[in-house]
Every structure is written in structure tokens, then in C-alpha cells.
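Asks: Heads up: the sequence lines are chains A and B, in that order.
So the first sequence is numbered by the numbering used here: it starts at 629 and just counts up by one.
So the second sequence is numbered by the numbering used here: it starts at 290 and just counts up by one.
Note that beta-carbon positions come from the ideal geometry of N, C-alpha and C, so glycine has one too.
Everything numeric in this text was worked out from a predicted model, so none of it was measured.
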Amino acid sequence: MFLINCPFCGEREQSEFKAGGEAHIVRPKQPTELSDDEWAEYLFMRKNIKGIQFERWNHVHGCRKWFNMVRDTSNDQIKAVYKMGEKPPVK
Amino acid sequence: MKNKYSIFSLIKNAFSYHENWEKAWKDPEPKKEYDAIIVGGGGHGLATAYYLAKKHNMKNIAVVEKGWIGGGNTGRNTTIIRSNYLWDASAGLYDHALKIWEDLSQELNYNVMFSQRGVMNLAHNLQDVRDLKRRTHANRLNGIDAVYLNTEEVKKFCPIINTSQDIRYPVLGGTLQRRAGTARHDAVAWGYARGADEMGVDIIQNCEVKGIKRNGDTVEGIETTKGFIKTKKIGVVAAGHSSVIANMAGLKLPLESKPLQALVSEPVKPIIDTVVMSNAVHAYVSQSDKGELVIGAGTDDYVSYSQKGSHDIVEGTLNAILELYPIFSRMRMLRQWGGIVDICPDASPIISKTSIKGLYFNCGWGTGGFKATPGSGDLFAHTIANDEPHKLNAAFNINRFVSGDLVDEHGAAAVAH
Chain A
629 MFLINCPFCG EREQSEFKAG GEAHIVRPKQ PTELSDDEWA EYLFMRKNIK GIQFERWNHV
689 HGCRKWFNMV RDTSNDQIKA VYKMGEKPPV K
Chain B
290 MKNKYSIFSL IKNAFSYHEN WEKAWKDPEP KKEYDAIIVG GGGHGLATAY YLAKKHNMKN
350 IAVVEKGWIG GGNTGRNTTI IRSNYLWDAS AGLYDHALKI WEDLSQELNY NVMFSQRGVM
410 NLAHNLQDVR DLKRRTHANR LNGIDAVYLN TEEVKKFCPI INTSQDIRYP VLGGTLQRRA
470 GTARHDAVAW GYARGADEMG VDIIQNCEVK GIKRNGDTVE GIETTKGFIK TKKIGVVAAG
530 HSSVIANMAG LKLPLESKPL QALVSEPVKP IIDTVVMSNA VHAYVSQSDK GELVIGAGTD
590 DYVSYSQKGS HDIVEGTLNA ILELYPIFSR MRMLRQWGGI VDICPDASPI ISKTSIKGLY
650 FNCGWGTGGF KATPGSGDLF AHTIANDEPH KLNAAFNINR FVSGDLVDEH GAAAVAH
């Protein structure tokens, strides 16, 4: 359990949020052109990183807005929080 | 040849104050080369090594483990064993394991304390009732014992369940698999380790894999904290850390690693002589031979390798437990812990070859791998030895995420995922 600094509401308990998985997976521009391998990559394959991970979260019991987070998955420390559409912070 | 454990060896060793028992397994340094290396010394990994040596005559093999054997999820689970899965492929896989469980203590000469005390799954709403009835029929068609119980029969089988209709999620019925039950998880790892060691398998503890050496599309060996070890076949059974190992070989897996929590209470006299699981309210409970209630909670929804879960998950589970079993309201919890489980998108495991020759993965068991330990080891050993899957694990290949032929057990297995 940890606290999350929602970019819209401020610091709240993690139980108010829903994790949305790995961030910055780009939806295919031409879905009809995709091979089965590319679909598998887009739909199922995940980096599942032990360490610094970029991910999406939703403040589901709050403002209900989506945002991005940088978190160290080995110890759950949050490194940065940024809004959807913003560029991920470097370092 | 190891000395057989028996009443006579117990008496004999009593005369020397139990100070002269032989070691159950050696503590060898790694050789330069093995015919196969198993990465991960949990139950599945040790079982794989055991069956490789026993059924496929591969004696020059090693199990490398970064900590101590059985120290990961093998020693952290709630020890439930059952095979009442919906789909044919899963039923085949898990019932194969259950059949091995039935004779395992005899085979290993090691008491794994397998107890067929039955597993009951409860229904709390109409959809649950329909799903559980459907699963009961599917189980029977696959030759797996299953019966559907109405509320009175549930109450008769486990009298401490609150079956009154005025609770938030009343018990509308349930299923029962009588052949299902529990086993002692540590003993499973130790029994397989002892058996594998006897056949010449090197069990190398405190040896973390740091890299996988490849020559093009073929594996050449592993880099470890105890140096480079050459091999042509690597079987990875690393549970929550499967993606980390896959990454070393340049592979991506369809897995997410999440904390799964469990907790045990203070020990009390026998009160519940079966395993009761409830999918809808997410509570499952059994009682260990020491008398502790063993309670399984859920997974957190975020990726984490921290081996600690969120408090609200435990709180939710205990709320459900207290509503179903008001008798436990004054119990005190003794210990709580989290293990990292690797979950596939279809909640079914992967026991498969990969695109890299000589690299095999056994992963994705998610929240319910313990029950499959003997079957998983047997089938993974077959896959490694023959470079081809056994017919029972053919459906659990990694390619199903490309073909779309998923084994979708999310919810279908009546397990609280």
C-alpha cells in the first residue's frame, strides 16, 4: 500500500486507484494490416519490468481521470506522475 | 542409495538422539557443464528435475536457485489441490497432477501430507449457480468427480458456514470435489529435492542467474553468481521472475507479476475439515494440521515484485470471511505475507518451447500453481527431454497468444483470481 499523488486531486491512498497496466503501448494505426504476431505483441506481450516501469493509472474512486506514473516495481516507490499526453520524464 | 525413511529408521535414529540423519540433499558446487539446467528451485522446478532424471534418464542436470529451495511461492501458497477446471485442456492438465498427488508420498518416500479433505466452491448469485452447475457437468464429462450441492447440503458438509439468507451474499449452493484437498507445501519441495538428489541431480542454492548466453537462436549456457555454466537445454521455472529471465534471453512473455497475499491465524482446535472457496466474495479458507486457519486473499492489480500486497485486499477478504464464518470473529491473525505470481492474460499456464532452441518456459501459473506441481514437473520434463510437448500440455504452448487459441480459465475455474 502506498500513497499516489493524483495530478488532479493531490495525494490519496492507493486503494482509490485502479492500475491500468503498462503505459505508452500505441494502438495500431492500421489494425487491418496487422499480422497475428503483431496483434499478439500489442494485445498480450508485456515488459513486466522489475525496476522502473511506466504505467497507466485511473483515479477510479476520485476524479476518474487517467494519468501516467513512473514506479519502481521492485519496491513500489513512485518516481513521477504525469498527465496523459505529456511526454514521460527523462530520469 | 539413500536410507529409506520408515518407522525403523526413526527408531534407529532415536538411539543417537536424531543427530546422525543423513543429509536429504547435497550442497554441490556447479560443474562446468550439464545436459540440462532448471532455473528455479521451487516445487515445479524440483519436480521437473526429478522426472527428467527418473523418466527420461537425464542424470547430468542441475537445478539453480537464487535463494533456498522451496523459499518462494512454494512455501507461500495456501496448499489447495483440486482439478475441477472447466475446459478440457485444463481438466486434463490438473487431473494429471491430482492423480500423481494420490501416490506421491509413497513414490518419494517422503510424507507430503496429501489430505483429500475435499474442496467446496460456493455460489452466491444466480450466475454463480449456473456457472458452477455447468462446470460440474463439464468436470463429469472429463471423468473428474464433482457434485453440485444445494444450500442445505453445503451447511451439512461444513456446518460453520453462515447460510442464512439475510447476509449480503447468501450461499445459494456450491460444488464439491471430494478427491481435492491440501498438502504440506515445504515437504513437496523437500521430497522432490531428496528424490532428484538421489538420482544425481545437482541442487545448487544461493546461485542467481544473471544472464543467458546465446549463439544465434541456440542457448549455450547461463551466467550465474557462481560463474558460467554450459548447457544445451535451459528450463525456466521462475514464477514471478519469469519475465526477468526471459528478458535476459531477449524474449517477451505475456505475463504480469503481481503480489498475491495469504494469511494464517493463531492455531485453534479442529473447526473446519475441508477447504471452502468462494469466488464471488473472494474468500477461501482451510485449516492446517497445526490448527491455523489458512486464508487466501487476492492479487493487487498493479505489477509489483515487492512481495508485499495492499492492506485493503486483506481487509476485503477478511470482511467476506467474517460474514460467511461469524464464528471466526475473535480469531487473531498470526502472519500475513505476499508472493509474486505471474499471471497470463487467459489465467492458464505456459509449458512450452520458445523461439530460441534449447530454451523452455514453465510459467504463468498465476494464483494457482501449487496444485499442479507434480503434473507440471512431469509434463515440463517431457517437453524438455523430447523437445516436443506431451499431449496434455500441447494446448499450453506460448504460441496460443498468436493463434488466439486461448485456454480462458478466468472465472471459469471457479477460483478467485
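Secondary structure at Y294 of chain B, three-state DSSP: helix, strand or coil?
Replies: Y294 of chain B: coil per DSSP, three-state reduction.
Asks: When the Cα of D664 of chain A is compared with those of B:H699, B:T367, B:R371, B:N688, which residue comes out closest?
Replies: Minimum Cα distance to D664 of chain A is reached at B:N688.
Asks: Pick out whichever of B:P638, B:Q494, B:T588, B:D635 has its Cα sitting closest to the Cα of G628 of chain B.
Replies: Ranking the options by Cα distance to G628 of chain B, first place goes to B:T588.
Asks: Measure the C-alpha to C-alpha separation of M620 of chain B and I610 of chain B and round it to an integer number of angstroms.
Replies: So the alpha carbons of these two residues sit roughly 11 Å apart.
Asks: In terms of residue numbering, what span does the alpha helix (DSSP H) encompassing Q416 of chain B cover?
Replies: From DSSP, the alpha helix (DSSP H) with Q416 of chain B extends over 415-430.
Asks: Grouping DSSP H, G and I as helix and E and B as strand, with all else coil, what is A586 of chain B?
Replies: In the structure shown, A586 of chain B sits in a strand (DSSP, three-state: E or B).
Asks: Please decide whether S641 of chain B counts as near chain A, where near means a Cβ-Cβ distance under 7 Å.
Replies: No, S641 of chain B does not count as interfacial toward chain A.
Asks: Report the neighbours of S532 of chain B on chain A: residues whose CB is nearer than 9 Å to its CB, in chain order.
Replies: Neighbours of S532 of chain B on chain A, chain order: R674, K675, N676, I677, K678.
Asks: Classify F650 of chain B as helix, strand or coil using the three-state DSSP reduction.
Replies: Three-state DSSP puts F650 of chain B in a strand.
Asks: Let's test the definition: count the other Cβ atoms within 10 Å of the Cβ of V654 of chain A and tell me whether it reaches 16, buried, or not, exposed.
Replies: With fewer than 16 other Cβ atoms within 10 Å, it is exposed.
Asks: Where do the N-terminal and C-terminal ends of the alpha helix (DSSP H) with Y614 of chain B fall, by residue?
Replies: First-last for Y614 of chain B: undefined, no H or E at that position.
Asks: Between which residues of its own chain and K521 of chain B is the CB-CB distance below 6 Å, once the five residues before and five after are set aside?
Replies: Contacts found: G647.
Asks: For K499 of chain B, does the count of other Cβ atoms within 10 angstroms reach 16, so buried, or fall short, so exposed?
Replies: It is exposed - the Cβ of K499 of chain B has fewer than 16 other Cβ atoms within 10 Å.
Asks: Between L544 of chain B and chain D, is there a C-beta pair that is closer than 7 Å?
Replies: The displayed structure is made up of protein chains A and B, and chain D is not among them.
Asks: Sort out for me which residues DSSP pairs M267 of chain B with in a bridge.
Replies: With chain B running from 290 to 706 in the structure shown, residue 267 of chain B is simply not present.
Asks: Sort B:S593, B:A386, B:K515 by Cα distance to F630 of chain A and report the nearest one.
Replies: With distances taken between Cα atoms, F630 of chain A lies closest to B:S593.
Asks: For D676 of chain B, does the count of other Cβ atoms within 10 angstroms reach 16, so buried, or fall short, so exposed?
Replies: So D676 of chain B counts as exposed.
Asks: State the CB to CB distance for the pair A684 of chain B and V696 of chain B, rounded to an integer number of angstroms; the pair is presumed to be in contact (CB under 8 Å).
Replies: Indeed, because the Cβ distance is near 6 Å, the residues count as touching under 8 Å.
Asks: Got a sec: is the Cβ-Cβ distance from H307 of chain B to anything in chain A below 7 Å?
Replies: By this cut-off, H307 of chain B is not an interface position.
Asks: Report the residue from B:T643, B:H600, B:L613 whose alpha carbon sits nearest the alpha carbon of Q625 of chain B.
Replies: The option with the nearest alpha carbon to Q625 of chain B is B:H600.
Asks: Look at the Cβ atom of R365 of chain B, then the Cβ atom of Q466 of chain B, and state whether they are nearer than 7 Å.
Replies: Contact flag unset, no.
Asks: Output yes if chain B places a C-beta closer than 7 Å to the C-beta of T660 of chain A; else output no.
Replies: It does not: the Cβ of T660 of chain A has no partner Cβ on chain B nearer than 7 Å.
Asks: So what's N362 of chain B in DSSP terms, helix, strand or just coil?
Replies: Of the three classes helix, strand and coil, the one that applies to N362 of chain B here is helix, per DSSP.
Asks: Closer than 7 Å between beta carbons: that is the criterion. Which residues of the segment 577-610 of chain B meet it against chain A?
Replies: Result list: D590, Y591, V592, S593, Y594, S595, S599, H600, D601.
Asks: Per DSSP, what kind of secondary structure is A647 of chain A in: helix, strand or coil?
Replies: It is a strand residue.
Asks: For the pair the segment 633-645 of chain B and the segment 383-394 of chain B, tell me if three or more CB-CB distances fall below 8 Å.
Replies: As far as the Cβ criterion goes, the segment 633-645 of chain B does not touch the segment 383-394 of chain B, which means the pair count is below three.
Asks: How long is the line joining the alpha carbons of W667 of chain A and K541 of chain B, rounded to whole angstroms?
Replies: Spanning the two alpha carbons is a distance of roughly 14 Å.
Asks: Where does P663 of chain B sit, in a helix, a strand or coil, going by DSSP?
Replies: Three-state DSSP puts P663 of chain B in a helix.
Asks: Please list, in chain order, the chain A residues whose beta carbon lies closer than 8 Å to that of K269 of chain B.
Replies: Residue 269 of chain B falls outside the range modelled here, since chain B spans only 290 to 706, and no answer is possible.
Asks: What does P276 of chain B reach in chain A if we use C-beta pairs closer than 7 Å?
Replies: No answer is possible for residue 276 of chain B: it lies beyond the span of chain B, which begins at 290 and ends at 706.
Asks: Run down chain B in chain order and give the residues with a C-beta less than 9 Å from the C-beta of N686 of chain A.
Replies: Those within 9 Å of N686 of chain A in chain B number zero; the least Cβ separation is about 10 Å.
Asks: I680 of chain A: which of A:R692, A:F695, A:V718, A:G713 sits nearest, CA to CA?
Replies: Comparing Cα-Cα distances from I680 of chain A to each of A:R692, A:F695, A:V718, A:G713, the minimum goes to A:V718.
Asks: Give me, in chain order, the residues of the same chain whose beta-carbon lies closer than 7 Å to that of Y340 of chain B; leave out the 5 immediate sequence neighbours on both sides.
Replies: So the list reads G666, D667, A670, once near-sequence residues are dropped.
Asks: For K321 of chain B, I'd like the list of residues in its chain whose CB is within less than 8 Å of its CB, leaving aside the five on either flank, ordered along the chain.
Replies: Cβ within range, chain order: I518, K519.
Asks: What residues in its chain sit with their C-beta under 8 Å from that of S379 of chain B, if we drop five residues either side in the sequence?
Replies: S637, V696, E698, A702, listed in sequence order.
Asks: Return the chain-ordered ranges of every alpha helix (DSSP H) run that is complete within the segment 520-551 of chain B and spans a minimum of 4 residues.
Replies: 531-537, all fully within the segment 520-551 of chain B.
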